[in-house]
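Student: This is the structure I have questions about; it appears just below.
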Ligand SMILES: [Zn+2]
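In my numbering, the protein residues as written are 1 to 150.
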């Protein structure tokens, strides 16, 4: 009989086809505002249109499924200065990022606090948090953070 500490491999280990991986949960988030303050001059700017952004978040360890945020956000144009800008998503992710801040912070902690090599950190993120981050991406995050800290 297996004891309580017996080793059980991750069920996705050795899976080669994406179609055999658990499908992501889609979670909707909204940063969609009728008006917002212009970042350049501070005037209120009405919404021009809405747009969508997909972000990879930490997954659900109970179901073993990845999680994707489908963020609806507003795009604005300032009537005073003509500046175009998007609703602030900085509580979720950095501009142009494909991953949430939670994922980035977890990845960097794995390397900086736990001393995991980049490839091991990448596997850990998938195995325990169900988010796939290429190891080179983890490396970019850690090196970018290191530069800022120096
Ligand atoms: Zn403006």
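C-beta atoms are modelled at their ideal positions from N, C-alpha and C, and glycine is treated no differently.
(1) Kindly indicate which three-state DSSP category residue 49 falls into: helix, strand or coil?
(2) Assuming contact is defined by CB atoms lying nearer than 8 Å, are residue 100 and residue 72 in contact in what I supplied?
(3) Straight-line CA distance for residue 34 to residue 16?
(4) Drop a sphere of 10 angstroms on the beta-carbon of residue 45, count the other beta-carbons inside from all chains shown, and report buried for 16 or more, exposed for fewer.
(5) What span of residues does the beta strand (DSSP E) with residue 70 cover, start to end?
(6) Is the separation between the beta-carbon of residue 127 and that of residue 89 shorter than 8 Å?
(7) Which term fits residue 106, buried or exposed, when burial requires 16 or more other beta carbons within 10 angstroms of its beta carbon?
(8) Apart from the five residues just before and just after residue 102, which ones in its own chain have a Cβ nearer than 6 Å to its Cβ?
Tutor: According to the data block:
(1) Looking at residue 49 - three-state DSSP - the assignment turns out to be strand.
(2) Cβ distance not < 8 Å, so residue 100 and residue 72 don't count as in contact.
(3) The straight-line gap from Cα to Cα measures roughly 45 Å.
(4) Looking at its Cβ environment, which holds 16 or more other Cβ atoms inside 10 Å, residue 45 is buried.
(5) For residue 70, the enclosing beta strand (DSSP E) has its first and last residue at 65-77.
(6) A distance of 8 Å or more separates the beta carbons of residue 127 and residue 89.
(7) Residue 106 should be labelled buried.
(8) Apart from sequence neighbours up to five positions away, the residues of its chain that approach residue 102 with a beta-carbon distance below 6 Å are 58, ordered along the chain.
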